[in-house]
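In our numbering, the protein residues as written are 22 to 300. These notes are about the structure you will find just below.
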């Protein structure tokens, strides 16, 4: 893992594969560890230079004040484009997962010259907050269970890991994998301040961003090969959100992972990598 200066900020990145190969940039949601190692390695074996990175206020990227971010969704989109240009003079394949998928949509719309393909995983075409009437919202019972829990001591690695594992079980993800990822995320967080730890583990900073203007109505402008990946069992962004993205992005392919929820399980890494490599 290292850092790259792009768009006036420091972005934490990790490289996989040959740096001379075609570039795939993976926007974290919010940290790079949202993208599983197995998928990154599969893409690299497929002849790609894979770079996953942390959004601002998470991981090894610039951290200022996660409780009051002084930037917008458009700034995060500009970060993605600047990083792609810094790493390669050819357009890159951009992928975003979760909230990183929102960044990726706006980046592809606002900086079309920077990107050659687009993958959106476990995301939706509207910002945090009230959802459009035709899109399925978060599953209410799951959200009640998820957000009624007491917060952990963010300075206690074991407590944070257990909190993540329990949350994964509620969401339908693998709690063992979630615990291991949480431990890695905790280890690479710059400090134990509660606000910084929460930004890394919960992505709460994203809910505080200015995400206007809307971008859903612009999705028909996308003119690059696109893939939408979504877990059939996702209660956070139910699969109807992915179906809407695939309908509204011209020519997009929809890949539904029948046994997945919010995370891409290692068992599906090969299938997802193959679909991405085919773009």
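The beta-carbon is built from N, C-alpha and C at its ideal position, and this holds for glycine as well.
Residues bridged to residue 142 (per DSSP):
118, 250
Considering only the beta carbon of each residue, do residue 52 and residue 75 sit closer than 8 angstroms?
yes
Start-to-end residues for the beta strand (DSSP E) that takes in residue 238
Looking at the DSSP string, residue 238 is not in any beta strand (DSSP E), and its letter there is neither H nor E.
Measuring only the C-alpha atoms, how far is residue 283 from residue 110?
33 angstroms
Assigned secondary structure, residue 202 (DSSP; H/G/I helix, E/B strand, else coil)
helix
Compute the distance between the beta-carbons of residue 299 and residue 63, then report whether it is under 8 angstroms.
no
Segment limits, alpha helix (DSSP H) that includes residue 60:
58-66
Can you tell me whether residue 123 is buried or exposed, with buried defined as 16 or more other CB within 10 angstroms of its CB?
buried
Which of helix, strand or coil does DSSP assign to residue 82?
coil
Of the residues 69, 58, 65, 73, which one's Cα is nearest the Cα of residue 34?
73
Go ahead and pull the three-state DSSP assignment for residue 147.
coil
Decide if residue 212 is buried, meaning its Cβ has at least 16 other Cβ atoms within 10 Å, or exposed.
exposed
Give me the Cα-Cα distance between residue 238 and residue 198, rounded to the nearest whole angstrom.
36 angstroms
Relative to the alpha-carbon of residue 249, which residue among 232, 273, 269, 227 has its alpha-carbon at the smallest distance?
273
Among the residues of its own chain, which have a CB less than 8 angstroms from the CB of residue 107, if the five just before and after it don't count?
25, 26, 27
Is residue 46 buried or exposed, if buried means 16 or more other CB atoms sit within 10 Å of its CB?
buried
Among the residues of its own chain, which have a CB less than 8 angstroms from the CB of residue 173, if the five just before and after it don't count?
180, 181, 183, 184
Residue 231 (DSSP reduced to helix, strand or coil)
strand
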